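Comments concern the structure below.
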Amino acid sequence: MEELSFDDSLVRRASALRLASGTLTDSFRSGAFKSMQKGQGIEFHGVREYLMGDDVRSIDWNVTARMGRPYVKQFNEDRELVLFVIVDASLSMETGQGKRSRLYTACEAAALTAFAASNGGGPVGGVIFAGDILFSREPKPGRDQVMLFMSLFDGVLQGNKKKGTSQFVDEMLKKRGVVGSCLDKALKGAASLLKKRSLILIFSDFRTTDYEKSLALLSSRHDVVAVRISDSGDEKLATLGTVPFMDPESGSIESLPTSSAGFQQAWKTANANRVERWQNLCYRRGSKTLMLSTDEDPLIGLQRFFSVRDRR
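UniProt numbering applies: residue 1 is where the sequence shown begins, and numbers increase by one.
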């Protein structure tokens, strides 16, 4: 995997984000973020057609009866954006066949959204987790808060090479030896930290279980986007004959017949089924979903997601 300069690349991308038209900052502060908010606002704005996922309590029954199809009420809100990022730093996130690992993609995307929210004056907080909670901080405004998370993301990416840089990084790296993924614990921690309704972005490969109830609770109180970090290897492996693969979490090794057409098709089908089950789980529990690939610039994927919501 090609080494990327995290600090240089992220600062350069963040600068472009602040200056470009239709940035994440603009999307967060305008229609895109507000369209995700389920709570009612202060001033009635109008109605629009009902879309799948809208709160049925917002249906305007008088307009619905006249038009013969459901319409929902819209309200203007003057509410600051509170952003909370949840970043999976478990061992499975270190995999990837492209220029970026899943972990690099997740950290870069989380940092970009943090810069975007901070540019708009909103507070930023987050949780970084692996087999245990590595770091958590309630939302606070200001560039110092964003730069703290930048340092932590960089610490996770660089591993032991970053020891001695700061107390926060050193303490985080000491906890990283625990294998597994405590996504459920991270979601519960977010629920306890957040006092105001927030936009929560979860960056993970979601290769874990038993987080459905915590996701449902969080989505009932906040606007949650589950961001699945994918990789080209999820759908197709390089054809190299029978090759041993190791599970980074358990350490178990299994030989896979990568040159077999039947195996490659089964591999692709299994991944499609996993993604579909994950999307259905998130939909049932009230969160939106976004796929970000390690082969794609995360800024492009994020802008596309929020601009589509804005146009809607």
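Every residue gets a Cβ at the ideal spot worked out from N, C-alpha and C, and that includes glycine.
Bear in mind the structure is a predicted one, so any value in this text is a computation, not a measurement.
In the structure shown, Phe206 adopts coil according to DSSP, grouped into three states. Note on the region 199-248: whole alpha helix (DSSP H) runs with a minimum of 4 residues are 212-221, in chain order. Taking Lys175 as the centre and dropping the five residues before and after it, the same chain places the C-beta of Asp132 and Leu134 closer than 7 Å to its C-beta, in chain order. A Cβ-Cβ distance of about 31 Å is found for the pair Glu108 and Pro244, leaving them out of contact under the 8 Å criterion. When C-beta atoms of the region 196-213 are compared with those of the region 221-229, three or more pairs fall below 8 Å, so the two segments count as touching. Using a Cβ distance threshold of 9 Å, Phe168 and Ile86 do not count as a contacting pair.
Taken through DSSP and simplified to helix, strand or coil, Asp88 comes out as strand. Of the residues assessed, Leu112 falls on the buried side of the cut-off, its CB having 16 or more other CB atoms within 10 angstroms.
Scanning Glu138, Met147 and Ala89 for the CA closest to the CA of Ala116 turns up Met147. Taking every protein chain shown into account, the CB of Thr242 has fewer than 16 other CB atoms within 10 angstroms, so this residue is exposed.
A Cβ-Cβ distance of about 43 Å is found for the pair Tyr71 and Arg100, leaving them out of contact under the 8 Å criterion. Residues of the same chain with a CB within less than 8 Å of the CB of Thr294, apart from the 5 flanking positions on each side, are Gly96, Gln97, Gly98, Lys99, Arg100, Ser101, Arg102, Tyr104, Thr105, Ile229, Ser230, Asp231 and Ser232 in chain order.
DSSP places Gly189 inside the alpha helix (DSSP H), whose first and last residues are Leu183 to Leu193. Of all alpha-carbon atoms in Ser260, Gly286, Glu235 and Ser287, the one lying nearest the alpha-carbon of Asn273 is that of Glu235. For Val127, the uninterrupted beta strand (DSSP E) run begins and ends at Val124 to Phe129, by DSSP.
Cα atoms of Gly142 and Gly126: separation of roughly 14 Å, rounded to the nearest angstrom. Secondary structure at Pro141: coil, using DSSP grouped into helix, strand and coil. For Arg284, the secondary structure class from DSSP, reduced to helix, strand or coil, is helix. Our two residues, Asp205 and Gly46, have alpha carbons roughly 39 Å apart in a direct line. Leaving aside the five residues that flank Leu302 on each side, the residues in its chain whose CB is nearer than 7 Å to its CB run, in chain order, Leu24, Ala109, Leu112 and Thr113. Within the same chain, Pro70 and Tyr71 come within 6 Å of Thr64 by CB-CB distance, once the 5 residues on both sides are set aside.
If you draw a straight line from the Cα of Val124 to the Cα of Glu138, it comes to about 8 Å. Look at Leu81 here: in three-state DSSP terms it is coil, with no helix or strand label. Between Gln279 and Thr289, the CB-CB gap stays under 9 Å. Here Val82 is near Leu194, since their CB atoms are less than 9 Å apart. The straight-line gap separating the alpha-carbon atoms of Pro257 and Ser181 is approximately 28 Å.
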